[in-house]
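A short write-up of the structure that comes next.
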Amino acid sequence: MTYNDRIFGILMIVLAVAYGWGTTQFSEPFGGTEAVGPDTFPRLLAVVLGLSSLYMVVRPDPDNAWPWSRTGVELIIAVVVLVLYAMLLQPLGFIISTTLAVGTLCWRMGSRPVKAYVTGAISGVVVYLVFSFALDLALPLGLLSFLEVG
354 MTYNDRIFGI
364 LMIVLAVAYG
374 WGTTQFSEPF
384 GGTEAVGPDT
394 FPRLLAVVLG
404 LSSLYMVVRP
414 DPDNAWPWSR
424 TGVELIIAVV
434 VLVLYAMLLQ
444 PLGFIISTTL
454 AVGTLCWRMG
464 SRPVKAYVTG
474 AISGVVVYLV
484 FSFALDLALP
494 LGLLSFLEVG
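Structure (structure tokens):
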């Protein structure tokens, strides 16, 4: 399966480059450039994706078998959840979208539904507060825009 890993690694390198280039298209924040801006985290993700993909190309797993059983189905569900998360982030807002995505993924990993969605809600609120107040980066509130301060 080294051939499949290498092809997948090359495709992910292309995605990392495209994603990294996309981060250069963000408009400059009001007041000039900043050390931490809206492009910082996406650029970091592009670098991590590129390095991880390069590792897959250089050192593929020789025994890797694609999981087409229950694990494969769970991977497909995770991808669908993440795509829906990206699509719903703006209309629903960060907190609600994150609650739904993290809650669903935790539930699919074996947690009880109530516990999973409470974990999702706590994650959404904590990350929102860190980005809004500690990093001073705006995240969409969507349906919760009535909570916006200032």
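Everything in the sequence shown is counted per our numbering, starting at 354 for the first residue and increasing by one.
Ideal Cβ positions, reconstructed from N, Cα and C, are used throughout, including at glycine.
As the structure is a prediction and not an experimental result, all values here were calculated from the model.
Burial state of residue i, where buried means 16 or more other Cβ atoms lie within 10 Å
i, result
"D392", "buried"
"I449", "buried"
"L492", "buried"
"L447", "According to the sequence shown, residue 447 is Phe rather than Leu. When all chains shown are included, F447 counts as buried."
Assigned secondary structure, residue i (DSSP; H/G/I helix, E/B strand, else coil)
i, result
"Q378", "coil"
"W362", "Reading off the sequence shown, one finds Gly at residue 362, where the question assumed Trp. Helix at G362."
"A454", "helix"
"M462", "coil"
"E427", "helix"
Alpha-carbon to alpha-carbon, residue j and residue i
i, j, result
"Y356", "M409", "10 angstroms"
"P415", "A431", "25 angstroms"
"L458", "I429", "12 angstroms"
"R465", "G456", "10 angstroms"
Option in the options with minimal Cα separation from residue i
i, options, result
"I366", "G373, F394, R412, G403", "G403"
"L497", "E427, V478, A487, L488", "V478"
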